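One rule links them: number in our numbering = place in the sequence shown (from 1) + 49.
Contents: one structure, followed by commentary.
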Amino acid sequence: MTGRLVPVATAFILLATVTAKADGAKHFSADYTVSLFGLTLARTSFTSTVDGQSFSIKGSIASAGVARIIDDTKGTTSVSGLLTPDGAQPQSFFVAYTSGKKRKRTAIAFSGDTVSHTENIPPLKKHKNWVPLGPDDLKAVTDPLSLTLVKAEAASAVCNHTLKYYDGELRADIRLSYAATAPWSVPGYTGKAIVCNAHFVPIAGYRTTNSALKFLRDKSRITISFVPMGRTGIYAPVAASVGTQIGTVEVRADKFTTGQ
50 MTGRLVPVAT
60 AFILLATVTA
70 KADGAKHFSA
80 DYTVSLFGLT
90 LARTSFTSTV
100 DGQSFSIKGS
110 IASAGVARII
120 DDTKGTTSVS
130 GLLTPDGAQP
140 QSFFVAYTSG
150 KKRKRTAIAF
160 SGDTVSHTEN
170 IPPLKKHKNW
180 VPLGPDDLKA
190 VTDPLSLTLV
200 KAEAASAVCN
210 HTLKYYDGEL
220 RADIRLSYAA
230 TAPWSVPGYT
240 GKAIVCNAHF
250 VPIAGYRTTN
260 SALKFLRDKS
270 RITISFVPMG
280 RTGIYAPVAA
290 SVGTQIGTVE
300 VRADKFTTGQ
């Protein structure tokens, strides 16, 4: 598991714990497993709080199994923001992780739905064949944690969205389209899941010669399964499947719990 997997994985696997506005603060937690060829690569845990129109999420991710031997990665992440009629609107995002001997930290601040400041430590390196970020690329975007809170009037509309991803370096669109409706059961939820196909489109902040991103854009088969969070009109993912050059990465929610 590489450092890039930390933000990208969280974009696909988070937030089955978050609901929309409630009377008084409510707290939620969830665990996920990331696997490849049936082998566990990573485990994640998240806790979130929803209080009226505001939300906050804190989480951790760590490599596991064989991946831990090859590339020991550990990270923590957090986000806080507002819940609007259009979905989650982040105000501040933070992620810090170590991958082997490498350490990285990213902080993103938002003004409305536009990125106002990004800090990467260490600073990003300049690369050849680089697609630079422009001012318009950082408008109406969300961080990897807030990304997958999908607001929809009905289940049939969940996949009618383009998720605008920004992790402090890469800016990409994840264009959803309807694939299927399937039964789903996980501790805390039993019912139907909406399965969306997802097309990954890099926009800026990447090298045009990056073979992994080329594969994700041109050849990868990606699906994300969403379930409704009660009667809130918010849908969140409980599973994802991402085709990569070395195989299909599977992400599944093991459980989520709620409490006051």
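Backbone N, C-alpha and C fix where the C-beta goes; we use that ideal spot for every residue, glycine too.
Remember, predicted model here, so these are calculated numbers, not experimental data.
Go through its chain and collect everything with a Cβ distance to residue i's Cβ below 7 Å, but skip five positions before and after it.
i, result
"K213", "A189, V190, T191, D222"
"G296", "L85, F86"
"A71", "Confidence at A71 is low in this model, with a pLDDT of 40, below 50, so its placement is unreliable and no value can be given for it."
"G217", "T155, I157, T167, N169"
"T258", "N178"
"P139", "V128, G130, F159, T191, D192, S195"
"D121", "S112, G149"
DSSP has residue i in a bridge; who is on the other side?
i, result
"I243", "T230, F275"
"G296", "T293"
"V199", "Y284"
"P251", "A221"
"A302", "Y81"
"K213", "D222"
"V207", "Answer is none; V207 lacks a bridge partner."
Counting only the same chain and skipping the five closest in sequence on each side, list residues whose C-beta sits under 6 Å from that of residue i.
i, result
"R270", "G292"
"A158", "S141, S165, H166"
"A204", "I243"
Just to confirm, is the Cβ distance from residue i to residue j under 8 Å?
i, j, result
"A79", "A113", "no"
"C245", "T272", "yes"
"D303", "T89", "no"
"V99", "T126", "no"
"R224", "A247", "yes"
"V287", "A242", "yes"
"V276", "Y238", "yes"
"P181", "A253", "yes"
"W179", "R256", "yes"
"G130", "F104", "yes"
"L187", "V128", "no"
For residue i, decide whether its Cβ has a neighbour in chain D, counting only Cβ atoms nearer than 8 Å.
i, result
"D186", "The structure shown has no chain D; it contains just one protein chain."
Apart from the five residues on each side of it in sequence, which residues of its chain come closer than 8 Å, Cβ to Cβ, to residue i?
i, result
"A231", "K241, A242, V244, S274"
Can you list, in chain order, the stretches of the beta strand (DSSP E) that have 3 or more residues and sit fully within the segment 79 to 150? Complete beta strand (DSSP E) runs here, min 3: 88 to 100, 103 to 112, 122 to 133, 136 to 148.
At which residue ranges does the segment 150 to 197 contain complete beta strand (DSSP E) runs of 3 or more residues, listed in the order of the chain? Runs of the beta strand (DSSP E) lying entirely within the segment 150 to 197 and spanning at least 3 residues, in chain order: 151 to 160, 163 to 170.
Between the segment 167 to 179 and the segment 148 to 156, can you find at least three pairs of beta-carbon atoms closer than 8 Å? The segment 148 to 156 makes contact with the segment 167 to 179: 3 or more CB pairs, one atom from each, lie closer than 8 Å.
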